[in-house]
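Under the working numbering, read the sequence shown as residues 57 to 200, first letter to last.
Below is one structure, written out as structure tokens, with a few remarks after it.
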Amino acid sequence: MKISTKGRYALRMLIDLAMHPDGYVALKDIAQRQNISKKYLEQIVPLLNKAGLMRTNRGYQGGYMLSKPATQYSVGEILRLTEGSLAPVSCLADDTNECPRASECITLPVWEGLNKVICDYLDNITLYDIIEQYNNKVDNNYYI
């Protein structure tokens, strides 16, 4: 499994919004802080808006903000939205395994276990957790 640029940038964009919760944030500001092309973010915005992950305000003082608290966004949710399935093999990408070999596949339990580990891990990390971990790391870096 390899996470695409779209998935990584969507996650960074939502983290940026979570780190700036006081009002709407301009896309150009996110692009500048995250060193991501504004045009690329403009391609991600409709996907996030359609899923209800952000609120949009046009015009003066317009921009974007999270539609719910940072504690309610999991990395798994965001990556599934941008990447589709997080399954390590195609036969696990859908809810039902349509593979004709599924009943006799000797490796299927390996892939199911890996899929479970990936999903459990990513579904239990929130935007808030990422920010807290970052803040703790930054707070513990002091120099004399």
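Every residue, glycine too, gets a C-beta built ideally from N, C-alpha and C.
| Query | Result |
| --- | --- |
| Distance, residue 162 Cα to residue 190 Cα | 41 Å |
| Check whether residue 71 and residue 142 have beta carbons under 7 Å apart | no |
| Where residue 130 falls: helix, strand or coil (DSSP) | strand |
| Through-space distance from residue 63 to residue 109, alpha-carbon basis | 14 Å |
| Separation of residue 180 from residue 86, as counted between CA atoms | 25 Å |
| CA nearest to the CA of residue 187, picked from 173, 129, 176 and 91 | 129 |
| Whole-angstrom distance between residue 177 and residue 92, CA atom to CA atom | 26 Å |
| Backbone CA spacing between residue 146 and residue 196 [nearest angstrom] | 42 Å |
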